[in-house]
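Numbering (the working numbering), first residue to last: 28 to 475.
The structure appears below as structure tokens.
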Ligand code: SF4
Ligand code: SF4
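So this is what it looks like as structure tokens:
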């Protein structure tokens with residue numbers, strides 16, 4: 028298989044980055060890369076997907092990963108995995124000698140080890156320039172679940188119809204499950220034995236970067252976790268962001284201690300972003316320093332500044348994200364493109380140990396196993412979003428009343444646009460179609 032053939036398979040089978048924002052994987056693949064890095068850092072607390080997939084499907088994932096290294100013409104593939112995923116590391120060590128182009132790189136148990144730019148530095152020593160993409164330094168990063176999806180597409184001719192989700196927090200039986208894309212959140216929470224408490228909120232994604240969701244929402248290709256927490260939990264309160272209040276709080280109590288900048292992973296890699304300066308600019312209405320405003324575009328929204336660093340409980344990440352959005356809406360492009368040669372002198376000592384982060388977020392009691400269920404979740408209805416990836420939304424090609432089988436294409440993206448095809452995740456009948464989503468009701472042998 029050559030690279031062009033692989034790209035077509037990935038686009039038509041709906042492969043997008045399962046661990047992040049859903050960037051279409053075919054568009055990442057580039058023959059200029061000399062290293063392909065597999066992200067098995069899974070750095071968000073409580074999520075248990077990737078470490079279990081690599082342990083259970085070791086051979087499938089490594090076979091496909093080495094195939095990708097060869098198709099891309101890379102010198103090597105590096106598996107970046109955290110040191111405390113001991114069983115997963117053992118599983119890889121047991122097989123890796125069969126794959127001459129692959130090597131294992133054991134990472135420290137710190138957050139955010141899985142951030143692409145951080146991972147590239149930790150595994151290769153290369154610093155991605157400000158605002159640039161990994162290929163600028165000859166690297167491509169793929170997530171473990173994405174590689175498993177590529178295996179299913181290339182070897183089993185199966186499109187992406189499922190995603191793996193950890194359901195944890197205040198549930199009776201924390202679990203990780205393979206669920207049809209478009210399953211309702213309530214069906215997943217019920218599978219985990221339901222909530223143990225009455226007043227709760229649900230985070231879709233990890234506690235650092237996830238967002239609040241509801242029981243009636245639907246999961247997408249990039250959903251990795253559902254975390255049930257008490258309504259008054261610290262992590263939930265941090266999600267209740269109101270820019271008009273948070274800016275006033277910044278004006279009153281930001282002490283300019285600069286702890287947010289000292290712990291910012293992008294700042295520590297030499298990028299010009301300094302959240303304490305951005306807070307000062309915002310809080311005091313300073314307008315002469317345009318660079319500080321535009322430096323918000325270098326934020327990866329990891330959340331360290333507001334969830335861990337700030338002793339005043341301020342919200343730099345949320346304010347920065349708001350400002351970034353406004354600049355984007357105005358069509359302003361990132362002007363920063365420095366290529367740092369050295370990282371911060373103190374970087375080694377400013378990493379955030381994952382156990383400390385979990386304790387600070389008051390999540391220690393929820394830091395438990397959530398074993399992968401052998402069964403796929405069965406659901407009666409799915410809502411499949413047409414915007415599950417970065418780029419142009421998929422365009423529905425089905426109509427109400429059509430019968431579809433699991434794996435049939437129901438949404439396409441044309442050749443001119445970035446995007447990935449969307450497929451029916453269950454066998455059934457189309458009951459609603461709009462430009463945003465398609466509903467399918469199961470028929471007969473549920474989800475066969
Ligand atoms: S850590 Fe908090 S108080 Fe200190 S500079 Fe940053 S936002 Fe201000
Ligand atoms: S969220 Fe905060 S700590 Fe993370 S990159 Fe952005 S400014 Fe830095």
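Each residue gets a CB set at the ideal place from its N, CA and C atoms; glycine is no exception.
Can you name the residues that DSSP bridges to residue 367? According to DSSP, which records beta bridges pairwise, residue 367 is partnered with nothing at all.
Cut-off 7 Å between Cβ atoms - residues of its own chain near residue 197, not counting five sequence neighbours on either side: 222, 223, 224, 227, 255, 256 and 257
Just mark residue 252 as buried or exposed, buried being the case when its beta carbon has 16 or more other beta carbons within 10 Å. buried
Sorry if obvious, but does the Cβ on residue 313 come closer than 6 Å to a heavy atom of ligand 1? No - ligand 1 has no heavy atom lying nearer than 6 Å to the Cβ of residue 313.
Contact test: residue 302 Cβ vs ligand 2 heavy atom, cutoff 6 Å: yes
Count the other C-beta atoms from every protein chain shown that fall within 10 angstroms of the C-beta of residue 275, then say buried if there are 16 or more, exposed otherwise. Here residue 275 is exposed: its Cβ has fewer than 16 other Cβ atoms, across all protein chains shown, within 10 Å.
In angstroms with no decimal places, state the Cα-to-Cα distance between residue 364 and residue 347. 19 Å
Please state the DSSP three-state secondary structure of residue 380. strand
Quick one: is the Cβ of residue 331 within less than 6 Å of any heavy atom of ligand 4? Annotation note on ligand 4: not contained in the displayed structure, which lists ligand 1 and ligand 2 as its ligands.
Cβ neighbour criterion (16 or more within 10 Å) applied to residue 376: The residue in question, residue 376, is exposed, as its Cβ has fewer than 16 Cβ neighbours within 10 Å.
Our contact map puts residue 165 next to residue 34 with C-beta atoms below 8 Å; I'd like the distance itself, whole angstroms only. With 8 Å as the limit, residue 165 and residue 34 do not qualify as a contact, their Cβ atoms being about 19 Å apart.
Unbroken stretches of the beta strand (DSSP E), 3 residues or longer, contained in the segment 380–411: 399–403
Taking the alpha carbon of residue 464 as the reference point, which residue from 444, 408 and 43 has its own alpha carbon closest? 408
Backbone secondary structure at residue 353 - three-state DSSP: helix
Are residue 439 and residue 424 closer than 7 Å when you measure CB to CB? Cβ distance < 7 Å, so residue 439 and residue 424 count as in contact.
When we look at the beta-carbon of residue 119 and count the other beta-carbons within 10 Å, is it buried (16 or more) or exposed? buried
Extract the residue ranges of the alpha helix (DSSP H) inside the segment 160–207, only unbroken runs of 4 or more that lie entirely within it. 171–181
For residue 54, which option in 154, 446, 47 and 280 has the closest C-alpha, if you only look at C-alpha atoms? 446
Name the two residues that bound the continuous alpha helix (DSSP H) containing residue 118. 113–122
With contact counted as at least three CB pairs below 8 Å, one residue from each stretch, are the segment 287–299 and the segment 320–336 in contact? yes
Distance between beta carbons of residue 204 and residue 404, contact taken as under 8 Å: 5 Å
For residue 460, which of helix, strand or coil comes out of DSSP? strand
Is the beta carbon of residue 48 less than 7 Å from the beta carbon of residue 141? no
Tell me the residue span of the alpha helix (DSSP H) that contains residue 67. If you look at residue 67, you'll find it isn't in any alpha helix (DSSP H); it sits in the beta strand (DSSP E) that goes 62–67.
Helix, strand or coil for residue 280, going by three-state DSSP, please let me know. helix
Which ranges would you report for the alpha helix (DSSP H) in the segment 201–249 if only whole runs of at least 4 residues count? 212–218
Would you say the beta carbon of residue 295 is closer than 6 Å to some non-hydrogen atom of ligand 1? no
Give a yes or no on whether 7 Å exceeds the smallest Cβ distance from residue 225 to chain D. Of the chains in the structure shown, none is chain D; there is only one protein chain.
Span separating the alpha-carbon of residue 330 from that of residue 351: 15 Å
Take every Cβ of the segment 229–245, pair it with every Cβ of the segment 67–85, and state whether three or more of those distances are shorter than 8 Å. yes
Coarse secondary structure for residue 341, derived from DSSP in three states: The three-state secondary structure of residue 341, taken from DSSP, is coil.
How should residue 78 be labelled, buried or exposed, when 16 other C-beta atoms within 10 angstroms of its C-beta is the threshold for buried? buried
Look at the alpha carbon of residue 64 and the alpha carbon of residue 143, and state the distance between them as a whole number of angstroms. 9 Å
Residue 109 - DSSP class collapsed to helix/strand/coil: strand
Using three-state DSSP, classify residue 431 as helix, strand or coil. Three-state result, residue 431: strand.
Buried or exposed (CB count within 10 angstroms, at least 16 for buried), residue 284: exposed
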